[in-house]
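Numbering (the numbering used here), first residue to last: 220 to 691.
Positions of the beta carbon are idealized from the N, C-alpha and C atoms, including for glycine.
Report on the following structure.
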Ligand code: FAD
Ligand code: SF4
Ligand code: SF4
């Protein structure tokens, strides 16, 4: 343990070491390499330990930010981890993929004039340090034998499960895929979020007593009623995400070599196609790939395609750079790696040969008109401005919505017409004993918002079950 240091008034964050763009563009190793202990301690001394803790208000899982950062500044990383993990069940994940600039760091007073404290970077360091250095297994609290089922093992489900296990509930997570983690495993690529690390954090939840059952599609293997009436679960949390891809409904979308980003990224990440031939699932993308869309999913798909060996990878987006919904950091990384941005361009047809394979895409140039309902300027096609790009593969990344299976198999579960489950302020659904949160409720959003919902639902379920058992 070191001594407390003097406040560090540097206007900028300690630089995050990174793999150089020209090297990382052809490997799946992590782009950001993480702080050393020395760097983390130096960045921690930029924190002013504000009494009113504005940064905490920006964190949906209420991480006690100044407290854990103070411990890092002292060099007491174990205590920093204890503080961090008391409210955050997946800190190594959050330290990497949280949109910190819109969450905790957007409230940091150091950010008013200069750069905010690198809260996410310090969090990542602490979580990684613990995973590398902790030797003792976690001890689960005494079990109260009240069974709670969680549908889906993404960040919402895992957070709800972890919080309930910490309170002594007998928690089982049911996951449709053969591996737990949701989008953390099948969507976000290895070079941003190593899969071994996600599994390490899930293992810590198992040590707390959370049981995880994979290959269990709820709505097929058991209905929600069967879970409660036959399997003895007293409450259920639905965190089934938004895994149903949207398409553009343009000519040529059924050609061979048109993927949804979901399918493409699932093959690359979950089925480990990037490790082929060591792993069993190959993926063929050819040399020229276009990704349609401008969000984080599109950036991940484009950067993955490049790493798989494509020579030319395009992002095709109908608005301008200013409206790109992806995180600025992801856009910068994609540009540095050589992704070609075709902005103000809208696909009108995917072109193919007689054998049914993609040969290219036809787009029309756009200009920005008046703002639409979302407040963004509406893209308007410029007549006669069509142009073609020769391609081998097209990846569609224009959005996802919740899968309709649970809605279709649970008549008393009220949902919006677009598929989202309807909940009240406590995240209770229309069905007695069932709560929901994360992307299944909001549509595609973020890891930390899903985790915040999992946390809130765990508190609601705890209150409900306590009241129920007091009544009996
Ligand atoms: P999910 O993570 O989707 O998990 C739901 C789980 O439920 C899945 O494992 C699914 O298989 C399972 N399931 C579904 N139906 C059933 C059923 N009937 N029975 C059993 N199991 C079921 N957010 C960020 O904050 N930062 C990022 O950098 C970021 N990058 C992203 C990149 C990609 C490619 C994608 C797709 C998303 C990204 N997001 C990012 C968004 C973020 O990952 C999601 O908002 C978040 O994962 C939602 O969590 P969730 O728990 O609600 O759902
Ligand atoms: Fe910030 Fe995310 Fe960590 Fe909360 S979990 S402190 S929002 S990086
Ligand atoms: Fe530290 Fe910034 Fe939070 Fe203040 S607002 S306690 S400086 S992280």
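Taking the beta carbon of residue i as the centre, do at least 16 other beta carbons fall within 10 Å, making it buried, or is it exposed?
i, result
"residue 221", "Confidence at residue 221 is low in this model, with a pLDDT of 49, below 50, so the placement of that residue should be treated as unreliable; the coordinate-derived value is given next. Exposed, since its Cβ has fewer than 16 Cβ neighbours within 10 Å."
"residue 601", "exposed"
"residue 589", "exposed"
"residue 547", "exposed"
"residue 606", "exposed"
"residue 423", "buried"
"residue 362", "exposed"
"residue 504", "buried"
"residue 728", "Only positions 220 to 691 of the chain appear in this structure, which leaves residue 728 out of reach."
"residue 367", "buried"
"residue 466", "exposed"
"residue 304", "buried"
Could you give the residue range of the alpha helix (DSSP H) that holds residue i?
i, result
"residue 243", "240 to 243"
"residue 276", "273 to 276"
"residue 289", "284 to 293"
"residue 553", "547 to 555"
"residue 329", "329 to 332"
"residue 573", "Counting along the chain, residue 573 falls outside any alpha helix (DSSP H), and DSSP gives it neither H nor E."
"residue 444", "443 to 448"
"residue 470", "Per DSSP, residue 470 belongs to no alpha helix (DSSP H) and is neither H nor E."
"residue 526", "515 to 526"
"residue 385", "374 to 385"
"residue 256", "256 to 263"
Could you please give the first and the last residue of the uninterrupted beta strand (DSSP E) stretch that includes residue i?
i, result
"residue 409", "Taken as a continuous stretch (DSSP letters only), residue 409 belongs to no beta strand (DSSP E), as it is neither H nor E."
"residue 585", "577 to 590"
"residue 609", "596 to 609"
"residue 710", "Any answer about residue 710 is impossible in this case: the structure gives the chain only from 220 up to 691."
"residue 389", "389 to 393"
"residue 561", "559 to 561"
"residue 509", "507 to 511"
"residue 431", "430 to 432"
Ligand 5 and residue i: does any heavy atom of the ligand fall closer than 6 angstroms to the residue's C-beta?
i, result
"residue 514", "By its list of ligands, the structure shown excludes ligand 5, since it contains just ligand 1, ligand 2 and ligand 3."
Can you give the beta carbon distance from residue i to residue j, rounded, assuming they're within the 8 angstroms contact cut?
i, j, result
"residue 387", "residue 458", "Not confirmed; about 20 angstroms, so no contact."
"residue 258", "residue 294", "Actually they are not in contact, since the Cβ atoms of residue 258 and residue 294 sit about 13 angstroms apart, beyond 8 angstroms."
"residue 341", "residue 262", "6 angstroms"
"residue 519", "residue 407", "7 angstroms"
"residue 645", "residue 604", "Actually they do not touch by this definition, with Cβ atoms about 51 angstroms apart."
"residue 616", "residue 480", "4 angstroms"
"residue 544", "residue 513", "6 angstroms"
"residue 673", "residue 454", "Residue 673 to residue 454, Cβ: 13 angstroms. No contact."
"residue 557", "residue 244", "6 angstroms"
"residue 399", "residue 431", "5 angstroms"
"residue 476", "residue 612", "5 angstroms"
Grab me the residues of residue i's own chain with a C-beta within less than 7 angstroms of its C-beta, minus the 5 sequence neighbours each way, in chain order.
i, result
"residue 307", "280, 282 and 313"
"residue 539", "562, 563 and 587"
"residue 671", "279 and 280"
"residue 412", "312, 315, 316 and 403"
"residue 692", "As shown, the chain starts at 220 and ends at 691. That puts residue 692 outside it, with no answer to give."
"residue 334", "230, 231 and 232"
"residue 385", "360 and 427"
"residue 326", "273, 274, 276 and 277"
Skipping 5 residues on each side, what residues in its chain have a beta carbon closer than 6 angstroms to that of residue i?
i, result
"residue 247", "409, 410, 493 and 526"
"residue 530", "506"
"residue 542", "595"
"residue 552", "none"
Helix or strand or just coil, what does DSSP make of residue i?
i, result
"residue 535", "strand"
"residue 567", "strand"
"residue 352", "helix"
"residue 310", "helix"
"residue 680", "helix"
"residue 279", "coil"
"residue 318", "coil"
"residue 247", "coil"
"residue 477", "strand"
"residue 629", "coil"
"residue 484", "helix"
"residue 341", "helix"
"residue 654", "strand"
"residue 221", "Because residue 221 carries a pLDDT of 49, less than 50, the predicted location of this residue cannot be relied on, and no value is offered for it."
"residue 685", "helix"
"residue 619", "strand"
"residue 453", "coil"
"residue 660", "helix"
Could you pull out every residue in the same chain whose Cβ sits closer than 8 angstroms to the Cβ of residue i, ignoring the five residues on either side in sequence?
i, result
"residue 668", "279, 657 and 661"
"residue 442", "628 and 629"
"residue 585", "537, 538, 563, 564, 565, 598, 599, 600 and 601"
"residue 577", "471, 474, 475, 476, 477, 569, 570, 571, 610, 611, 612 and 613"
Is there at least one Cβ from chain C nearer than 7 angstroms to residue i's Cβ?
i, result
"residue 673", "Going by chain labels, chain C is absent from the structure shown, which holds only one protein chain."
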